[in-house]
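**Student:** Start counting the sequence shown at -6; every next residue gets the next number (the numbering used here).
Even glycine gets a Cβ: it sits at the ideal position worked out from N, Cα and C.
Because the structure is a prediction, the values reported are computed rather than measured.
Got a structure for you, written out below as structure tokens; questions coming shortly.
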Amino acid sequence: MEEQTSESASALPSSPPGDTLADALARHSHELPAEQVERLDRYCRLLWEWNEKLNLTRHTDYEKFVSRDLADTLELARLLKSGEEVLDVGTGGGVPGVVLAIVRPDLQVSLCESVGKKARAVEQILADLGLEVPVYPVRGEELLEDMRFDAVVIRAVGPLWKLLSWFKPNWNSMRRLLVIKGPKWTEELDEAKRRGLVRDLQLKPAAEYPLAGTESKSVILKIWPKGVRER
-6 MEEQTSESAS ALPSSPPGDT LADALARHSH ELPAEQVERL DRYCRLLWEW NEKLNLTRHT
54 DYEKFVSRDL ADTLELARLL KSGEEVLDVG TGGGVPGVVL AIVRPDLQVS LCESVGKKAR
114 AVEQILADLG LEVPVYPVRG EELLEDMRFD AVVIRAVGPL WKLLSWFKPN WNSMRRLLVI
174 KGPKWTEELD EAKRRGLVRD LQLKPAAEYP LAGTESKSVI LKIWPKGVRE R
């Protein structure tokens, strides 16, 4: 599922009339190579076209895309090393996975989406973009039974306690879990602790940054097993 990390999309300002991706990037002080801007623009238009048939995103203009989807992905990108194998679980319409593959072509990105029609849609979007990124139409924990990744990334799939419960058997299949969360992450962490799901894990905010349109902040939580050196 591709959603924002916190407040509803209606809380975000809409793009002004005639807005372009370049305009939105400039407003938020993001500088990217021209070829990446062109491909991101193409991605947005393909995603929004598919969104008329499927519920892939609630961010359907450039302002929402840049202030939430791209902002999350750029922060995530700073936490990944060149050449790493990355799995985006529950990619929905491709955030952050497709965006990550565009802005960090040095990574080996894979996508996982258990809803078949969404997986097929994002697979077609990737084909139209000319990106060779595999899409697996299964649940992430099933995929991790047989495959290994340096980082598993998750955005807007479920509360923290559910994620830790789902992936409890899979820590040998990933070097670390990176979870994008909104300002209520501390409440989710308290619930995960109450359920005993953090007892054997190390967890820390690896990134913290403003949540557009609010006075709150988003975080990227880095999680890995206790007794294992930080990765």
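Return the first residue and the last residue of the alpha helix (DSSP H) that L137 is part of.
**Tutor:** Looking at the DSSP string, L137 is not in any alpha helix (DSSP H), and its letter there is neither H nor E.
**Student:** Beta-carbon within less than 7 Å of R132's beta-carbon, same chain only, minus the 5 sequence neighbours each way: which residues are those?
**Tutor:** Excluding sequence neighbours, R132 sits near S107.
**Student:** Less than 9 Å separating the beta-carbons of A149 and L49?
**Tutor:** For A149 and L49, no; Cβs fall outside 9 Å.
**Student:** Relative to the alpha-carbon of T179, which residue among Q195, R168, K161, V212 has its alpha-carbon at the smallest distance?
**Tutor:** Comparing Cα positions, the closest option is V212.
**Student:** So is A27 buried or exposed if we call it buried at 16+ other beta carbons inside 10 Å?
**Tutor:** With fewer than 16 other Cβ atoms within 10 Å, it is exposed.
**Student:** Specify the secondary structure class of D183 as computed by DSSP and reduced to three states.
**Tutor:** Note: D183 maps to helix in three-state DSSP.
**Student:** Helix, strand or coil for F142 per DSSP?
**Tutor:** Strand at F142.
**Student:** Verify whether the separation of the beta carbon atoms of V96 and L136 is less than 9 Å.
**Tutor:** Not closer than 9 Å, so no.
**Student:** For F142 and L157, I'd like the C-alpha separation in whole angstroms.
**Tutor:** The alpha-carbon atoms of F142 and L157 are separated by roughly 17 Å.
**Student:** Can you list, in chain order, the residues of its chain whose CB lies under 7 Å from that of P98, leaving out five sequence neighbours each side?
**Tutor:** Result list for P98: empty, nothing under 7 Å.
**Student:** Using the DSSP secondary-structure output, state which residues sit across from P89 in a beta bridge.
**Tutor:** DSSP output for P89 lists no bridge partner at all.
**Student:** State yes or no: is the C-beta of E134 within less than 9 Å of the C-beta of L153?
**Tutor:** No, they are not a contact pair.
**Student:** Would you report the Cα separation of E(-4) and H52, rounded to the nearest angstrom?
**Tutor:** Only weak support is given to the placement of E(-4): the predicted model assigns it a pLDDT of 39, under 50, and the question is left unresolved by the model.
**Student:** Please report the straight-line C-alpha distance between L171 and Y55, rounded to a whole angstrom.
**Tutor:** Cα-Cα distance, rounded: 25 Å.
**Student:** Within 10 Å of its beta-carbon, does S60 have 16 or more other beta-carbons around it, so buried, or fewer, so exposed?
**Tutor:** Buried.
**Student:** Name, in chain order, the residues that DSSP records as bridge partners for Q195.
**Tutor:** DSSP, once it has assigned bridges, lists W217 as partnering Q195.
**Student:** Do A144 and R169 count as a contact pair if the criterion is CB distance below 9 Å?
**Tutor:** Yes. Within cutoff.
**Student:** By DSSP, does K210 sit in helix, in strand, or in coil?
**Tutor:** Here K210 sits in strand by DSSP.
**Student:** Which residue comes first and which comes last in the beta strand (DSSP E) that contains E78?
**Tutor:** That run of the beta strand (DSSP E) goes 78 to 82.
**Student:** If you draw a straight line from the alpha carbon of R222 to that of H21, how long is it in whole angstroms?
**Tutor:** The alpha-carbon atoms of R222 and H21 are separated by roughly 36 Å.
**Student:** Can you tell which of E116, R32, E45, S209 has its C-alpha closest to the C-alpha of T84?
**Tutor:** Among E116, R32, E45, S209, the Cα nearest to that of T84 belongs to E116.
**Student:** Output the boundary residues of the alpha helix (DSSP H) element that contains V30.
**Tutor:** Counting along the chain, the alpha helix (DSSP H) containing V30 begins and ends at 27 to 44.
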